[in-house]
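Under our numbering, the first residue of the sequence shown carries the number 2, and numbering increases by one thereafter.
Virtual Cβ for every residue (Gly too), placed ideally from N, Cα, C.
Here's the structure we're looking at; comments come further down.
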Amino acid sequence: MIRTIFAAAAAVTLAGLSAAQADPAVVMAPGGAGGGYDATARLPFEAMAADGIFSDGATFTNKGGAGGTIGLAEFVGANQGNDNAVMSMGVIMVGGILLNNSPVTLDDVTPLVRLTNDTGVVAVPPESPIQTVDDLVAAMKADLGAVAIGGGSAGGVDHIVMALVAKESGLDPSKLNYIPYDSGAETVTALGGGALAVAVSGVSEFKPMADAGRIRIIAVTSEGRVDGIDAPSLKEAGLNVVVGNWRGIVGAPGMSDEGRAMWLDRFSKMHEGPAWKDTLAKQGWEDAFLAGDDFVAFLGEEKTRIGAILKDAGLVK
Numbered sequence: 002m003i004r005t006i007f008a009a010a011a012a013v014t015l016a017g018l019s020a021a022q023a024d025p026a027v028v029m030a031p032g033g034a035g036g037g038y039d040a041t042a043r044l045p046f047e048a049m050a051a052d053g054i055f056s057d058g059a060t061f062t063n064k065g066g067a068g069g070t071i072g073l074a075e076f077v078g079a080n081q082g083n084d085n086a087v088m089s090m091g092v093i094m095v096g097g098i099l100l101n102n103s104p105v106t107l108d109d110v111t112p113l114v115r116l117t118n119d120t121g122v123v124a125v126p127p128e129s130p131i132q133t134v135d136d137l138v139a140a141m142k143a144d145l146g147a148v149a150i151g152g153g154s155a156g157g158v159d160h161i162v163m164a165l166v167a168k169e170s171g172l173d174p175s176k177l178n179y180i181p182y183d184s185g186a187e188t189v190t191a192l193g194g195g196a197l198a199v200a201v202s203g204v205s206e207f208k209p210m211a212d213a214g215r216i217r218i219i220a221v222t223s224e225g226r227v228d229g230i231d232a233p234s235l236k237e238a239g240l241n242v243v244v245g246n247w248r249g250i251v252g253a254p255g256m257s258d259e260g261r262a263m264w265l266d267r268f269s270k271m272h273e274g275p276a277w278k279d280t281l282a283k284q285g286w287e288d289a290f291l292a293g294d295d296f297v298a299f300l301g302e303e304k305t306r307i308g309a310i311l312k313d314a315g316l317v318k
């Protein structure tokens, strides 16, 4: 599905906007409308337009599936050397490439910026006998297969969190009883209905449900505690597990040096602007800005780290 939107924050007529769109951006969101990749693709352009950084418009394509690798393959195939083409992506795509043995990888695109991070939370039913991280580890050690754990896609961030918890507890991550769900709402329903003992998702998705009393958060996956959540980090609880669902933007394969510099300048200005700061607050995202060569180095480290975790979990060879 393709949608063309918008643009400048100032009031302009559609005719005037159309005339101004000399070089509209071509933007791929490798996930469904309304999801994390979709928001990461669209909201930066709204912020740039609001702050007058880039207001030439954009055409958005949503192409989900296989951890984002279907959209990645289409983006790479259609945009060789296109300085105006960018795509949202994140840690789930890093794992999706490995899980799906994708012939198209992040080596085929031009890394630009990491933008956001969504800390994970580990939750249980409100009346669960599992009250703490120590209780969770004890239950897993007693019978790992009996602890049904729910979260997002197999091999995704939520699965990785629990694979690391198992490994840090001296257990075999490949023996986890992990059940993937399509959404956090489905996971919470399964948790409340007794189908799950534990669930993992992002703060932005689970905190409102915890505030409503539907679930109880026993840990967060950040380095330290999270404001507004009365639970320790896994690291504070004695497990060396720090995981975040980060997302960012890459450019087209073969993007020129000038094109790369142009987008890095735009995203850097956006990061400093008021519209993006408002977006972070409204979405409940953490600012995780990392640009250019620093992002390239980070991506290399993530590929190695995620690959090792997925091998330990028995998901890739």
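- A buried status is given to residue 89, since no fewer than 16 other beta-carbon atoms sit within 10 Å of its beta-carbon.
- Taking residue 188 as reference, the option from 169, 178 and 153 with the minimal CA-CA separation is 153.
- As a beta-bridge residue in DSSP terms, residue 250 pairs with 89 and 114.
- Within 10 angstroms of the beta-carbon of residue 103 lie 16 or more other beta-carbons, which makes it buried.
- Secondary-structure assignment with DSSP links residue 29 through a beta bridge to 62 and 88.
- Residue 206 sits in a helix when the DSSP states are folded into three classes.
- Under DSSP, residue 217 takes part in a beta bridge, and its partners are 125.
- Contact between the region 214-231 and the region 51-61 is absent: fewer than three C-beta pairs spanning the two stretches fall below 8 Å.
- Sorting 171, 271 and 303 by C-alpha distance to the C-alpha of residue 241 places 171 at the top.
- The secondary-structure analysis by DSSP pairs residue 199 across a beta bridge with 150.
- Under the 10 Å beta carbon count, residue 305 is surrounded by fewer than 16 other beta carbons and is classified as exposed.
- In the displayed model, residue 180 falls within a strand according to three-state DSSP.
- If you compare the alpha carbons of 224, 46, 125 and 285 with that of residue 270, the shortest gap goes to 46.
- The shortest CA-to-CA distance from residue 69 to any of 215, 93, 166 and 149 is the one to 93.
- Minimum Cα-Cα distance from residue 184 among the listed residues 195, 243, 157 and 169 corresponds to 157.
- The count of Cβ pairs closer than 8 Å, one atom from the region 199-210 and one from the region 247-259, stays below three, leaving the stretches out of contact.
- According to the DSSP secondary-structure assignment, residue 245 is paired through a beta bridge with 120.
- Shown here, residue 76 sits in a helix according to DSSP, grouped into three states.
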